[in-house]
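In this text, residue positions in the sequence shown follow the numbering used here: the first is 21, and each later residue adds one. Think of the CB as a built atom: it goes at the ideal place given N, C-alpha and C, for glycine as much as any other residue. Since we're looking at a predicted model, the values are computed, not measured.
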Amino acid sequence: MVGALAIADRRANAVGPVRLSCEADTLRLELLRVGRFAAGFALVGLAQAVSFRVPYTAIRGLVREGHTLYLALDPVVAAPYNRFALARFSRDPHEAMMRVFRLRSVAALLSVVLPLPLAALAAYALPQQLVTGTLGMGAVALVVAWLSWHGLRRLVAWLTWGGPDSDRLRVAFEHTVAARLGLEPAAELAEEPAVVLAPTPMEAPSVPLRSALGTALRPIAFGLTGVMAVAAAVGAVLVVQRYGVAEVVVLPVDEATSGMEDPIIGLGSAAVAVGTPDLPSCSCQRADSLLWRQGMPQLSILVSRDRGAVDALWAEPGRTYLVSFDDDGEPPEAAAGEATERESRPPPAGRIELDVAVVNNSTEPLDTVDLVVTFAKRDDRGIRRNIIERGLHWPRELGPGESVKWRVEASGCELRIDSRNDARLGQGGLTVAPGDAFLALREARLSVVRLHAAMMLSYLRDERATSFAKALGSLGELEELARTEILATQAALLFCDPQVGPGAVAGCLHNGTSRLLRGVTLTELGAKTPRSWTVRDLFRPGHGLQVTLPIDGDPPSGFRVDPLETP
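Structure below.
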């Protein structure tokens with residue numbers, strides 16, 4: 021447990037003395053006298069004590085700049101005080117911390133109020149033999165004002181700093197929080213356990229200023245402090261610069277954990293020696309998948325067959341698809357011995373019956389939707405014959421995440437769907453519709469529309485995508501393959517942003533688990549004899565590493581990532 025001062029800063033929204041306790045699963049914050057702060061507004065008066073606990077996963081930032089430690093918490097968990105600029109770390113009790121906070125506040129106020137009166141007094145009191153004319157008096161006033169302001173600001177900085185003891189306690193707090201966040205090496209990697217000392221008994225510090233001067237004399241003491249600051253400004257600067265501590269303080273492990281509870285992840289010497297990952301860091305917005313590798317269209321076209329099978333669920337505008345038929349009265353397949361003759365024949369034609377649906381994937385509504393479905397047959401020379409066109413029109417607005425379908429029937433052996441809308445998400449400011457809009461498609465009659473909603477939830481990295489996809493029930497063979505691909509994109513270990521180069525594939529490996537991994541194994545998907553690669557490095561929870569995989573032959577269509585099993 022340590023104490024600190026939450027000071028006013030543009031990145032903070034609370035001021036006052038704070039007591040920090042690193043518990044086993046949570047970080048406890050006791051705001052002894054807290055006040056709300058916002059840059060550009062007057063400080064709200066200090067309120068009574070506030071105490072709350074937050075899990076370590078709610079820590080969104082822990083950054084040190086100079087002698088100040090910035091702590092940011094998730095505003096959903098900690099409100100309204102979730103951003104702190106912490107300085108002057110100490111083990112002082114409540115009364116001493118409040119005294120230092122009041123001294124710092126008074127010194128900060130005097131640095132604004134005193135310089136101008138002192139400058140005017142100095143310019144007026146100096147003899148005319150030393151200063152003559154308005155210009156000379158103005159120069160003296162300017163020098164005295166700057167020295168007064170600079171000296172008082174140095175006093176504020178010294179009261180904020182707290183000395184080398186504050187730096188040691190701050191670094192100890194940083195190390196302990198980093199260990200609980202998994203940013204330090206795991207305890208099982210240590211050769212020897214961390215040494216945890218019992219808390220050192222502390223005596224309540226004496227308060228000489230209050231006992232000597234008393235409450236009634238404190239305003240006079242503060243005034244004298246401001247006057248003395250002018251004379252001592254240069255000396256204070258030299259002392260601070262001469263005896264100030266270095267930017268980085270080397271702190272023993274046992275002293276870092278002294279006075280605190282047992283950490284979840286120990287700071288043993290072997291664990292500290294493990295180091296940081298060798299590979300460069302990266303991050304994944306979403307997993308790599310054939311479902312969206314070529315980009316996501318604003319308007320998706322879906323095909324659900326009733327008679328005549330099309331080897332596609334999502335139709336690409338302008339592409340021709342062959343239609344195959346079963347033996348329910350449609351043209352029968354040739355016998356096995358007629359393979360050579362069958363290759364020279366045109367594809368068999370028959371009656372095609374299918375449902376065509378569209379889904380608006382963007383946040384921008386579409387005024388109308390127009391499609392043209394073209395059916396055709398092929399003669400013995402492979403020339404298209406008997407071309408039939410079906411125009412599909414939706415005259416009303418199609419909102420974000422909404423769907424509409426048509427029933428289409430014709431004869432032929434192939435079909436093509438054309439659309440005037442060729443926009444893609446991410447182009448021209450188009451953004452993807454929210455997850456709730458796709459979640460509403462769970463009531464759609466066509467299973468391919470519900471499957472598309474599951475894919476878009478996975479594209480958004482929505483945590484509901486997995487349960488939505490599993491709840492689709494029984495699907496056809498092609499739809500089942502798509503569902504398997506969708507579920508694979510929700511894995512905790514991801515490979516994203518693949519870049520295929522000569523003899524290699526580069527990408528980002530993201531560890532979405534809560535474990536510190538020493539390595540991962542990547543296995544090729546969709547191959548009869550899958551290849552595999554092993555990457556050994558420190559994969560921290562919630563972080564990714566940029567990897568390059570050597571490839572002999574064609575690049576894989578996808579990867580499955582598994583943690584490397586270590587003995």
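What three-state label does DSSP hand residue i in the structure shown?
i	result
S478	helix
K548	coil
W553	strand
T451	coil
A24	strand
R339	coil
I506	helix
E194	helix
F104	strand
D11	Outside the modelled stretch of the chain, which goes from 21 to 587, sits residue 11, for which no answer is possible.
R462	helix
G562	coil
R306	coil
R111	coil
V38	strand
W334	strand
P575	coil
P184	helix
T296	coil
R538	strand
S125	helix
V567	strand
S289	Caution applies to S289, whose pLDDT of 38 falls short of 50 and renders its modelled position unreliable; the model cannot decide the point.
L418	strand
R470	helix
A168	Before going further, note that residue 168 is Ser rather than Ala in the sequence given. Three-state result, S168: helix.
S494	coil
R200	helix
R313	coil
E30	The residue you asked about is not Glu; residue 30 is Arg in the sequence shown. Coil.
What whole-angstrom Cβ distance do residue i and residue j have, given they're in contact under 8 Å?
i	j	result
A453	T383	5 Å
L49	P37	Wrong, their Cβ atoms sit about 11 Å apart, outside the cutoff.
V376	L412	6 Å
V428	V393	5 Å
L89	R80	Not really, about 14 Å apart at Cβ, beyond 8 Å.
L374	V323	6 Å
W169	P137	That belief does not hold up - the Cβ atoms of W169 and P137 are roughly 12 Å apart, past 8 Å.
Less than 8 Å between the C-beta atoms of residue i and residue j, yes or no?
i	j	result
L299	Q510	no
M475	I506	yes
L172	L130	yes
L435	Y341	yes
S186	S110	yes
Q318	L445	yes
A473	P420	no
L480	G449	no
G532	L513	yes
L536	G86	no
V540	L558	no
A508	R580	yes
R551	L584	no
V520	L569	no
R190	Y76	no
C433	R410	no
N406	A396	yes
G461	V468	Rather than Gly, the amino acid found at residue 461 in this sequence is Leu. It is not a contact, given that the beta carbons lie outside the stated cut-off.
Taking the beta strand (DSSP E) that residue i belongs to, which residues open and close that run?
i	result
T88	T88 to L93
L319	L319 to R327
L82	I79 to E85
C528	A524 to N531
V428	S423 to G432
D517	L513 to G521
A345	Looking at the sequence itself, residue 345 is Phe, so the reference to Ala does not match. Neither: F345 is in no beta strand (DSSP E) and is coded neither H nor E.
P583	F579 to P583
V74	V70 to P75
T46	T46 to L51
Would you verify that the beta carbon of residue i is, or is not, closer than 8 Å to some beta carbon of chain B?
i	result
R535	In summary, chain B is missing from the structure at hand, where a single protein chain is found.
Between which two residues does the alpha helix (DSSP H) containing residue i stretch?
i	result
A142	P135 to A145
F488	A485 to K490
*Which ranges would you report for the beta strand (DSSP E) in the stretch 364–414 if only whole runs of at least 3 residues count?*
370–380, 389–398 and 404–414
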